[in-house]
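**Q** Mind having a look at this structure? Questions to follow.
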Amino acid sequence: MVLPIVSSVLSAAPVGAELAINLPPPASLVARDIHDLHSLILWIILGIVIVVFVPMGIALIRHRKSLGHPPARFHDNRTLEIAWTAVPTLILIAMAWPATRLVVAMKDAAREDLTIKVTGHQWKWEYEYFGEGVRFMSNTSTPREQIEGTQPKGEHYLLEVDRPLVVPAGKKIRLVTTASDVIHSWAVPALGIKQDAIPGFIRETWFRAETPGTYRGQCTELCGVGHGFMPVVVNVVTDTQFASWMQEQKELAAAAAANAAKTYALDDLKVMGEKVYAANCLVCHQANGMGIPNVFPALAGSKLATGDKAAHIDIVLNGKINTAMAAFGKQLSDLDLAAVITYERNTWGNRTGDAVQPADVAARRK
Amino acid sequence: MNTTTISDTASHHDEHDAPTGIARWLASTNHKDIGTLYLWFSLFMFFFAGALAMLVRAELFQPGLQLFQPEVFNQLTTMHGLIMIFGAIMPALVGFANWQIPLMIGAPDMAFPRLNNWSFWLLPAAGILLIATFFVPGGAISGGWTMYPPLYIQGGMAYDISILAIHILGISSIMGAINIITTILNMRAPGMTLMKMPLFVWTWLITAFLLVAVMPVLAAAITMLLTDRHFGTHFFNAAGGGDPVMFQHIFWFFGHPEVYIMILPAFGIISTTIPAFARKPLFGYASMVYAVASIAFLSFIVWAHHMFTTGMPVGGQLFFMYTTMLIAIPTGVKVFNWVATLWRGSITFETPMLFSIAFVCLFTIGGFSGLVLALVPVDIQLQDTYYVVAHFHYVLFSGSAMAIMAGVYYWLPKWSGRMYNETLGKLHFWLTAIAFNITFFPMHFLGLAGMPRRIPDYALQFADFNMISSIGGFMLGVSQLLFLYNVVQCIRRGTPAADKPWEGADTLEWTLSSPPPYHSFVTPPHIK
Chain Z
5 MVLPIVSSVL SAAPVGAELA INLPPPASLV ARDIHDLHSL ILWIILGIVI VVFVPMGIAL
65 IRHRKSLGHP PARFHDNRTL EIAWTAVPTL ILIAMAWPAT RLVVAMKDAA REDLTIKVTG
125 HQWKWEYEYF GEGVRFMSNT STPREQIEGT QPKGEHYLLE VDRPLVVPAG KKIRLVTTAS
185 DVIHSWAVPA LGIKQDAIPG FIRETWFRAE TPGTYRGQCT ELCGVGHGFM PVVVNVVTDT
245 QFASWMQEQK ELAAAAAANA AKTYALDDLK VMGEKVYAAN CLVCHQANGM GIPNVFPALA
305 GSKLATGDKA AHIDIVLNGK INTAMAAFGK QLSDLDLAAV ITYERNTWGN RTGDAVQPAD
365 VAARRK
Chain V
2 MNTTTISDTA SHHDEHDAPT GIARWLASTN HKDIGTLYLW FSLFMFFFAG ALAMLVRAEL
62 FQPGLQLFQP EVFNQLTTMH GLIMIFGAIM PALVGFANWQ IPLMIGAPDM AFPRLNNWSF
122 WLLPAAGILL IATFFVPGGA ISGGWTMYPP LYIQGGMAYD ISILAIHILG ISSIMGAINI
182 ITTILNMRAP GMTLMKMPLF VWTWLITAFL LVAVMPVLAA AITMLLTDRH FGTHFFNAAG
242 GGDPVMFQHI FWFFGHPEVY IMILPAFGII STTIPAFARK PLFGYASMVY AVASIAFLSF
302 IVWAHHMFTT GMPVGGQLFF MYTTMLIAIP TGVKVFNWVA TLWRGSITFE TPMLFSIAFV
362 CLFTIGGFSG LVLALVPVDI QLQDTYYVVA HFHYVLFSGS AMAIMAGVYY WLPKWSGRMY
422 NETLGKLHFW LTAIAFNITF FPMHFLGLAG MPRRIPDYAL QFADFNMISS IGGFMLGVSQ
482 LLFLYNVVQC IRRGTPAADK PWEGADTLEW TLSSPPPYHS FVTPPHIK
């Protein structure tokens with residue numbers, strides 16, 4: 005049984021040439037400084053390893069009873085003991101000095117060019133560009149089938165999103181992080197960033213990406229069932245690309261606002277709702293609407309999804325306290341909410357025939 | 002189970018208070034029996050939590066979700082950590098304390114024998130509660146052994162049961178610690194001054210003070226979680242004026258000393274075995290004592306290094322970085338002293354010595370990765386990645402657990418009166434040491450490359466190292482069955498052990514018979 009496993013590891017060896025064994029290539033000044041600091045520390049450690057383990061190796065090889073080595077009786081040496089307390093102290097000071105300078109630099113979020121609010125939700129990120137009126141959700145876009153193994157996994161498996169964060173290269177981007185439910189952590193190793201997003205509090209960090217490109221990371225604070233499926237993708241673009249992207253987002257936002265006033269047919273709502281469900285509800289309530297027994301309630305045939313429409317809208321809007329059920333009113337548009345509620349009320353054998361309209365949702369908002 | 006079968010000659014005078022059968026164990030006030038109970042309990046929990054780790058490694062063998070849904074996976078990682086810490090490592094070390102402290106200081110028993118019984122028998126209750134949570138609606142807790150709110154507030158009834166279980170474990174630890182402190186301070190044989198105590202006793206004295214100091218802090222933290230969950234308080238809820246990060250401060254004020262609670266007695270074991278097999282006195286005894294005391298003191302002022310990414314002010318980050326780096330100095334002193342003890346010794350390589358040498362090498366690697374993590378900028382990159390998982394397994398498995406194995410092989414002849422199989426012991430050692438490194442060394446690379454911990458599925462770039470790590474993990478798990486087999490065989494049909502089977506051993510327990518009489522040192526020995 006072991007042999008096939010070993011051979012499959014060996015056959016993976018050609019890939020082994022590219023195995024990452026160090027911090028990712030840095031894409032910001034801070035990440036480069038961290039990379040260099042880490043390398044410096046490794047060299048110092050190598051020096052200590054030699055000083056400690058060479059004598060130990062010599063003792064283990066030469067001072068053996070089997071070689072007839074008689075035991076010495078010494079058990080003290082004042083000079084030696086002072087030396088091996090003092091020298092490490094000096095080495096530590098040598099390490100602390102560059103680290104301190106870098107800590108101070110990393111904390112300096114002033115004189116930013118652009119501020120973006122990053123909000124962690126179970127299990128997606130929300131980005132809001134201050135002063136631009138642009139705000140959107142960033143969900144994982146890895147298909148469920150790839151995770152379950154019924155489809156081959158793509159190149160950026162688990163590290164891809166529907167709408168990445170887009171920022172201009174060379175500009176100082178200030179991030180303010182928070183969360184709506186539990187603690188999350190926003191991390192992009194290539195940019196040297198990891199900042200917890202804490203519900204009810206604002207934290208700040210910053211980065212300046214040097215060259216255009218796509219940089220990937222993940223949520224790094226355990227946040228529940230979807231923790232492993234909460235990627236961060238940052239697209240760093242040129243100034244002109246950024247300006248046109250921003251324009252596009254504003255037009256999208258305006259169009260979405262206009263849609264809220266329209267009335268939709270049930271089937272159209274269901275089609276839209278299925279996508280919203282997949283991005284926001286499926287992790288807990290599952291694709292078949294059955295939930296996970298005793299952990300996440302089923303929607304198929306449930307009282308909520310087949311009974312009073314207003315009660316259903318309320319719970320989706322406001323969430324349920326002390327559970328993983330978030331207040332989606334703060335995350336989704338009226339149209340998305342209307343669509344997903346309609347979907348839930350007309351799928352998996354639920355046949356209410358209700359076509360919930362954006363206006364119905366708007367009416368229930370407090 | 003009869004690790005302490007009484008030889009007829011040794012116990013003729015105490016048959017009247019040595020009950021047999023189940024009552025002997027349930028009602029025991031004998032430090033040797035209670036020590037044995039602690040060790041068996043811990044071994045069972047070690048295998049249970051180890052089995053959970055096998056399931057974790059099986060899921061992580063390949064990318065994708067194969068065996069478990071994320072909810073179950075999170076339960077496995079959480080319970081693996083919680084049970085290994087509170088059910089395996091801590092009780093094992095208390096088992097050593099029970100057996101060895103009275104024997105090493107020449108005391109007849111622990112100071113409070115009935116309290117000792119109660120301290121142990123609370124453990125199975127807590128253990129059953131913890132294991133039972135897998136079968137309650139919603140399954141076991143899945144928010145990580147660190148229990149961070151608000152995630153912990155979201156869970157089902159397992160969360161309340163676990164809080165109760167941890168309270169019970171805490172009470173057991175506090176009572177055990179009080180017993181140990183009282184025993185050491187009051188019951189040493191005449192002539193045994195504090196600075197003549199074996200280092201193992203010193204490490205446990207300091208550890209016991211840490212336990213008394215921090216277990217109530219943990220109790221406070223989880224009680225606040227409980228009231229937040231059920232009684233409408235908002236200690237950790239910003240909407241009610243609380244702060245989720247405050248939990249982390251309280252938890253790690255307990256949590257960092259807790260780390261040393263698990264390693265200081267291990268230092269004590271290694272400081273006993275290395276001189277014994279180098280046939281040379283421990284180098285720098287006094288500085289070892291001071292180093293342990295300094296580490297214990299520093300453990301109270303480094304807690305926030307677990308929280309560098311929560312976003313604390315620059316002054317806070319620098320303070321906790323400096324204090325954390327300071328720990329390297331006393332820890333370095335200990336390693337240098339062990340190397341100096343080996344230097345110009347007359348070394349032999351029996352199983353306990355092999356584990357001890359591996360401890361020095363591998364624990365030092367864990368120390369180095371700790372130093373890397375102490376540096377705030379590097380920690381920002383590595384916090385909550387597999388680098389941290391590698392780091393704490395190097396200090397907890399190749400640190401605490403391998404020291405415990407060294408100690409078991411070292412003292413088993415004394416405890417059971419029989420020798421273990423040396424060939425099997427060495428085989429167990431080499432398989433463990435090799436498999437351990439195959440399992441955990443690649444995790445450094447995974448963490449540097451950015452793989453977060455506590456995820457059930459991962460990006461393709463992490464696949465190769467995860468597969469290697471899983472193979473190593475299965476080897477490591479299977480190898481421990483050899484340990485169990487060797488211990489059981491030793492107790493049942495090992496060859497009789499001499500009173501002092503190790504040439505270089507020089508502490509008091511070796512002056513007794515193997516196994517020692519049921520009641521030893523009834524008249525205290527006199528220490529010159």
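These protein sequence lines map, in sequence, to chains Z and V.
Quick note on our numbering: the first sequence kicks off at 5 and runs consecutively.
Quick note on our numbering: the second sequence kicks off at 2 and runs consecutively.
We treat Cβ as the ideally placed atom computed from N, Cα and C, and that holds for glycine.
Just so it is clear, the structure is predicted and the values come from calculations on it, not from any experiment.
Are the CB atoms of T496 (chain V) and M420 (chain V) within a distance shorter than 7 angstroms?
**A** Yes, the Cβ-Cβ distance between M420 (chain V) and T496 (chain V) is below 7 angstroms.
**Q** CA-CA distance, D15 (chain V) and L130 (chain V)?
**A** Low confidence applies to D15 (chain V): its pLDDT is 48, below 50, so where it sits in the model is not reliable, and the reading given next is rough at best. Each residue's alpha carbon lies about 37 angstroms from the other.
**Q** Where does V303 (chain V) sit, in a helix, a strand or coil, going by DSSP?
**A** Residue state, collapsed to three classes: coil.
**Q** Would you call the segment 81 to 95 of chain V in contact with the segment 39 to 52 of chain V, where contact means no fewer than 3 C-beta pairs closer than 8 angstroms?
**A** Verdict: yes, contact present.
**Q** Within 7 angstroms (strictly less), CB to CB, does R280 (chain V) reach chain Z?
**A** Closer than 7 angstroms: yes.
**Q** Sorted by chain position, which residues of the same chain lie with C-beta nearer than 8 angstroms to N187 (chain V)'s C-beta, five sequence neighbours on each side aside?
**A** Hits under 8 angstroms: A112.
**Q** Output, in sequence order along the chain, the residues in the segment 216 to 235 of chain Z whose CB is closer than 9 angstroms to any CB in chain V.
**A** So the close ones are R220, G221, Q222, C223, T224, E225, L226, C227, G228, V229, G230, H231, G232, F233 and P235.
**Q** Against F435 (chain V), what residues of chain Z qualify as contacts under a CB-to-CB distance less than 7 angstroms, listed in chain order?
**A** Looking at the sequence shown, residue 435 (chain V) is not Phe but Ile. Residues of chain Z passing the Cβ test: none, with the nearest at roughly 14 angstroms.
**Q** Between Z:I197, Z:A258 and Z:T224, which lies nearest to V107 (chain Z) when the distance is taken from Cα to Cα?
**A** Measuring from the Cα of V107 (chain Z), the nearest candidate turns out to be Z:I197.
**Q** With 8 angstroms as the limit, tell me which residues of the segment 195 to 216 of chain Z have their beta carbon closer than that to any beta carbon of chain V; keep them in chain order.
**A** Going along the segment 195 to 216 of chain Z in chain order, one finds G196, I197, K198, Q199, D200, I202, P203, G204, F205, R207, E208 and T209 with a Cβ nearer than 8 angstroms to chain V.
**Q** According to DSSP, is L179 (chain Z) part of a helix, a strand, or is it coil?
**A** Three-state result, L179 (chain Z): strand.
**Q** For my contact list, Y572 (chain V) and G448 (chain V) are in at a C-beta cut-off of 8 angstroms; report their separation, rounded to the angstrom.
**A** The first residue shown for chain V is 2 and the last is 529, placing residue 572 (chain V) beyond what the model contains.
**Q** Helix, strand or coil, according to DSSP, for R368 (chain Z) in the structure here?
**A** The answer is helix: DSSP assigns R368 (chain Z) an H, G or I state.
**Q** List the residues of chain Z that Q76 (chain V) touches, going by C-beta distances under 7 angstroms, in chain order.
**A** Those within 7 angstroms of Q76 (chain V) in chain Z number zero; the least Cβ separation is about 10 angstroms.
**Q** Starting from I296 (chain Z), follow its DSSP beta bridges and name the residues at the other end.
**A** Bridge partners of I296 (chain Z): Z:F300.
**Q** Can you check whether the C-beta of S347 (chain V) is within less than 7 angstroms of a C-beta belonging to chain Z?
**A** Yes, its Cβ sits closer than 7 angstroms to a Cβ of chain Z.
**Q** Pick helix, strand or coil for V240 (chain Z), following the three-state DSSP scheme.
**A** In the structure shown, V240 (chain Z) sits in a strand (DSSP, three-state: E or B).
**Q** What is the C-beta distance between P414 (chain V) and S515 (chain V), in whole angstroms, given that I count them as a contact (C-beta under 8 angstroms)?
**A** Yes, they are in contact, since the Cβ atoms of P414 (chain V) and S515 (chain V) sit about 6 angstroms apart, within 8 angstroms.
**Q** Measuring alpha carbon to alpha carbon, tell me which residue in Z:P193, Z:G158 and Z:W127 is nearest T144 (chain Z).
**A** Nearest of Z:P193, Z:G158 and Z:W127 to T144 (chain Z), Cα basis: Z:W127.
**Q** Could you pull out every residue in the same chain whose Cβ sits closer than 6 angstroms to the Cβ of K121 (chain Z), ignoring the five residues on either side in sequence?
**A** If we look at K121 (chain Z) and ignore the five residues flanking it on each side, its Cβ neighbours are E132 and V180.
**Q** Just grab the DSSP bridge partners of P497 (chain V) for me.
**A** Bridge partners of P497 (chain V): V:R419.
**Q** Taking only beta-carbon positions, decide if M60 (chain Z) is within less than 7 angstroms of chain V.
**A** Yes, M60 (chain Z) lies at the interface with chain V (some Cβ there is under 7 angstroms from its Cβ).
**Q** Tell me the DSSP secondary structure of K121 (chain Z) in three-state form.
**A** It is a strand residue.
**Q** Could you tell me how far apart the beta carbons of H32 (chain V) and W119 (chain V) are, in whole angstroms, since I believe they sit closer than 8 angstroms?
**A** 14 angstroms between Cβ atoms; not a contact.
**Q** Can you pull the chain V neighbours of K157 (chain Z), defined as C-beta to C-beta under 8 angstroms?
**A** Chain V residues near K157 (chain Z): P64, G65 and L461.
**Q** May I have the straight-line CA-CA distance separating F205 (chain Z) from W304 (chain V), to the nearest angstrom?
**A** The alpha-carbon atoms of F205 (chain Z) and W304 (chain V) are separated by roughly 21 angstroms.
**Q** Are any of the Cβ atoms in chain V nearer than 7 angstroms to that of N298 (chain Z)?
**A** Yes, because at least one Cβ of chain V sits closer than 7 angstroms to the Cβ of N298 (chain Z).
**Q** Counting only beta-carbon separations shorter than 7 angstroms, does L343 (chain V) have a partner in chain Z?
**A** Judged by the 7 angstroms Cβ criterion, L343 (chain V) is in contact with chain Z.
**Q** Check D272 (chain Z) in the structure and name its three-state DSSP category.
**A** Residue state, collapsed to three classes: helix.
**Q** Could you run through the segment 426 to 457 of chain V and flag, in chain order, every residue whose CB is less than 7 angstroms away from some CB of chain Z?
**A** From the segment 426 to 457 of chain V, only F446, L449, A450, G451, P453, R455, I456 and P457 have a Cβ closer than 7 angstroms to chain Z.
**Q** Can D385 (chain V) and L66 (chain V) be called in contact, C-beta distance under 7 angstroms?
**A** The answer is no: Cβ separation not under 7 angstroms.
**Q** Between H73 (chain Z) and chain V, is the shortest Cβ-Cβ distance under 7 angstroms, so that the two count as touching?
**A** With 7 angstroms as the cut-off, H73 (chain Z) counts as an interface residue toward chain V.
**Q** Please go through the same chain and pick out, in chain order, the residues whose beta-carbon is closer than 6 angstroms to the beta-carbon of P502 (chain V), but skip the five residues on each side of it.
**A** Once the five neighbours on either side are set aside, the close Cβ partners of P502 (chain V) are P414.
**Q** If you drop the 5 nearest sequence neighbours on each side, which residues of the same chain put their C-beta closer than 6 angstroms to that of Y411 (chain V)?
**A** Around Y411 (chain V): T274 and P353.
**Q** I'd like to know if I38 (chain Z) contacts chain V, where contact means its C-beta is closer than 7 angstroms to some C-beta of that chain.
**A** I38 (chain Z) counts as touching chain V.
**Q** Quick check on this structure: which residue in V:L265, V:A460, V:I164 and V:L212 has the alpha carbon closest to the alpha carbon of A222 (chain V)?
**A** Minimum Cα distance to A222 (chain V) is reached at V:I164.
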